[in-house]
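Everything below concerns the one structure shown next.
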Amino acid sequence: MLSVLDADTDAGRRPRQAQRVELLDGRKLEYVQLGHAVELGLSGGFRVLIESLAHLNTPRGRVDVEPGADASDVVATLLGDVVRSARTGAGNELRICFVSGSELVVDADADVESWAITGPDGSLTVCLARGELACWG
0 MLSVLDADTD AGRRPRQAQR VELLDGRKLE YVQLGHAVEL GLSGGFRVLI
50 ESLAHLNTPR GRVDVEPGAD ASDVVATLLG DVVRSARTGA GNELRICFVS
100 GSELVVDADA DVESWAITGP DGSLTVCLAR GELACWG
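Numbering (numbering that gives the first Met the number 0), first residue to last: 0 to 136.
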């Protein structure tokens with residue numbers, strides 16, 4: 000389990016266990032929205048928001064994915080693909096592996112929030128600056 004900040008106002012700010020990102024396992028990528036953040040819409044009402052540089056490793060090579068006005072639409076090639084596994088690494092980078100063999104990696108950023116996962120119940124897990132995780136709900 001991952002140690003995080005609990006942002007529940009009743010609980011204060013204390014370490015607790017994060018909602019595991021394994022909840023994304025088996026979810027189908029239903030939509031991709033480009034903008035200031037790259038948003039991945041997954042089946043079951045889950046969303047992944049990417050707010051910093053990410054890397055898409057495919058069987059044909061590696062492509063950088065950077066949110067913003069000129070965001071690459073390469074992530075759209077994964078539409079319809081299914082998440083084989085979703086995990087965080089030692090530095091709290093997010094690793095989403097797809098059935099097709101592609102892997103999306105979002106590293107923790109020293110200065111800004113790099114990624115977030117929202118659930119259908121309103122839960123939210125955010126990778127804060129320097130890789131610290133915070134969890135709401």
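Built from N, CA and C at the ideal position, the CB exists for glycine as well.
{"Item": "Inter-residue spacing [alpha-carbon to alpha-carbon] between Ser101 and Gly136", "Value": "30 Å"}
{"Item": "C-beta contact flag for Ala36 and Leu28 at 7 Å", "Value": "no"}
{"Item": "Where Gly79 falls: helix, strand or coil (DSSP)", "Value": "coil"}
{"Item": "Any chain D beta carbon closer than 7 Å to Glu65", "Value": "Any reference to chain D falls outside this structure, which holds one protein chain only."}
{"Item": "Counterpart residues of Ala115 in DSSP-defined beta bridges", "Value": "Leu48, Val125"}
{"Item": "Beta-carbon spacing of Arg26, Val82 below 7 Å", "Value": "yes"}
{"Item": "Spatial distance of Val3 from Gly118 (CA atoms)", "Value": "Because Val3 carries a pLDDT of 39, less than 50, the predicted location of this residue cannot be relied on, and the following value inherits that uncertainty. Cα-Cα distance, rounded: 17 Å."}
{"Item": "Extent of the continuous beta strand (DSSP E) to which Asp63 belongs", "Value": "60-64"}
{"Item": "For Ser84, three-class secondary structure by DSSP", "Value": "strand"}
{"Item": "For Leu132, three-class secondary structure by DSSP", "Value": "strand"}
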